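In our numbering, the protein residues as written are 502 to 695. Worksheet for the structure shown next.
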């Protein structure tokens, strides 16, 4: 009979996420993880497998809380309000990040996804979910007459996703609300129906 775990799995996954988020995948050792999680290396391996498996669990935890939760909460808002609220939350997170860790999704996209085809599929699924959210808002906004930007809905959604990713990268260098909001004002003005 297996022994029950002597730790709170959610808490140690949060700690692993913090370690990876602060240092990145490559620079985070198993020793760093075990220390940050408050468990032994043996417990880490027994509970989560190897470092790569733990990274994937931390990534999934981040995506569930940071992306999927946001999409679910904002989906019911009026379309322009939903898009603007999505970006507003991202800016608030960026401005409130004294360590300038950036977006865990963007960090993972740049560090691990190019070299790991399986992980790249996870990242693509999250990017597709965000672009899908933007596309649904554009389509609803057009049907309601509040979005009149030219172009196909999927192209506008791709543009919004690109702007979001660029904003997250820029925020690691300059997370000033003036600059980040300034990036968005022309975008939102272009979306709005006259």
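All C-beta atoms in this analysis are idealised placements derived from N, C-alpha and C, irrespective of residue type, glycine included. It should be emphasised that the depicted structure is a prediction, and the values quoted were computed from it without experimental measurement.
Quick one: what's got a C-beta closer than 7 angstroms to residue i's C-beta in the same chain, skipping five residues either side?
{"i": "residue 641", "result": "580"}
{"i": "residue 662", "result": "628, 631, 632, 635"}
Let me know the secondary structure DSSP gives residue i once reduced to three states.
{"i": "residue 572", "result": "helix"}
{"i": "residue 648", "result": "strand"}
{"i": "residue 505", "result": "Reliability of the predicted coordinates at residue 505 is poor, the pLDDT of 47 falling under 50, and no value is obtained from them."}
{"i": "residue 693", "result": "strand"}
{"i": "residue 673", "result": "coil"}
{"i": "residue 515", "result": "helix"}
Apart from the five residues just before and just after residue i, which ones in its own chain have a Cβ nearer than 8 angstroms to its Cβ?
{"i": "residue 502", "result": "With a pLDDT of 44 at residue 502, under the threshold of 50, the predicted position of this residue should be treated as unreliable, and no value is reported."}
{"i": "residue 607", "result": "666, 669, 670"}
I'd like the list of long-range same chain contacts for residue i, defined as Cβ closer than 6 angstroms, with 5 residues on each side in sequence excluded.
{"i": "residue 583", "result": "575, 638"}
{"i": "residue 620", "result": "613, 614"}
{"i": "residue 505", "result": "Any reading at residue 505 must be qualified, since the residue scores a pLDDT of 47, below 50, and its modelled position is unreliable; the value itself is stated next. Closer than 6 angstroms at Cβ, skipping near neighbours: no residue."}
Could you work out which residue in the options is closest to residue i when comparing CA atoms only?
{"i": "residue 551", "options": "564, 578, 567, 517", "result": "517"}
{"i": "residue 483", "options": "544, 528, 529", "result": "Here the chain comprises residues numbered 502 to 695, so residue 483 is not present and cannot be evaluated."}
{"i": "residue 648", "options": "616, 686, 690", "result": "690"}
{"i": "residue 590", "options": "669, 650, 653", "result": "669"}
{"i": "residue 654", "options": "549, 663, 635", "result": "635"}
{"i": "residue 527", "options": "609, 624, 645, 685", "result": "609"}
{"i": "residue 564", "options": "657, 693, 623, 683", "result": "623"}
{"i": "residue 644", "options": "617, 694, 684", "result": "694"}
Assuming residue i and residue j make a contact with CB atoms under 8 angstroms, what is their CB distance in whole Å?
{"i": "residue 560", "j": "residue 588", "result": "About 22 angstroms separates the two Cβ atoms, so there is no contact after all."}
{"i": "residue 521", "j": "residue 546", "result": "Not quite, the Cβ-Cβ distance comes to about 16 angstroms (not below 8 angstroms), so this is no contact."}
{"i": "residue 681", "j": "residue 672", "result": "6 angstroms"}
Practice task
Would you check if there are 3 or more beta carbon pairs closer than 8 angstroms linking the segment 590 to 601 to the segment 674 to 681?
Solution key: Yes: the two stretches touch, three or more of their Cβ pairs being nearer than 8 angstroms.
Practice task
Answer yes if the segment 534 to 541 comes into contact with the segment 610 to 617, meaning at least three C-beta pairs across the two stretches below 8 angstroms, and no otherwise.
Solution key: By the Cβ criterion, the segment 610 to 617 is not in contact with the segment 534 to 541, since fewer than three pairs of Cβ atoms, one from each stretch, lie closer than 8 angstroms.
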